[in-house]
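Accompanying notes for the structure given below.
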Amino acid sequence: MPRLLSPAAALLVGDVRTAVVTGGDDHAVAARVARALTGHLADPLLLDPEHREPDPDHYRQHVLHVEPDGSFSVVALVWLPGQETCIHDHVSWCVVGTYVGEEEETTYRLVGDRLVQRGINRTPQGVASYLVPPGDIHKVCNSSDSVAISIHVYGADIGLLGTSIRRRYDLPVAH
Ligand SMILES: [Fe+2]
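Each residue of the sequence shown is one higher than the one before, starting from 1 at the first, in UniProt numbering.
Written as structure tokens, this is what we have:
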């Protein structure tokens, strides 16, 4: 179980909870969560030092909170330069906000048995965006030369699932 949150992170969780329980379709909820998250991305106290720790081998996920009813989860992801995810999609809506540095997302669409790159979105510090399945195939990378930290909120119980990733795509990519 995640340990007790910092007061700043507890405020974030409270704002996300309000955004989620207000209800609506996935796009409406994710957009509201993204607005709520944006308000916390400049807070220097949001993450304790242990939640900023990287892993030299791959990007690191720190679970900050799993809502008791499983309706949402909040994680901090720490990326060293060059670290990236596989190409994947998600089991639920996903809100991403950059806390430190810059995160780069490449999006794809599935065409037959291959992937076609759709675009590259760079999210600088302080900015949040969201994805809603289906059609959310992407990978995330830190292509900068300094550490990046992002806060991700998923509309799922990742304490139960272990991850928010639905499928991994190991297919040829056409640009
Ligand atoms: Fe993702």
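Ideal placement from N, C-alpha and C gives every residue a C-beta, glycine not left out.
- The beta carbons of S146 and G101 sit closer together than 7 Å.
- A straight line joining the alpha-carbon of V116 with that of C94 spans about 21 Å.
- Each of R114, H27, L37 was checked against the Cα of Q125, and the nearest Cα belongs to L37.
- Rounded to the nearest angstrom, the Cβ distance from G70 to L160 is 6 Å, consistent with a contact under 8 Å.
- Taken through DSSP and simplified to helix, strand or coil, V153 comes out as strand.
- Per the coordinates, the alpha-carbon of A10 lies some 44 Å from the alpha-carbon of G112.
- Within a 10 Å sphere around the beta-carbon of R32 sit 16 or more other beta-carbons, which makes this residue buried.
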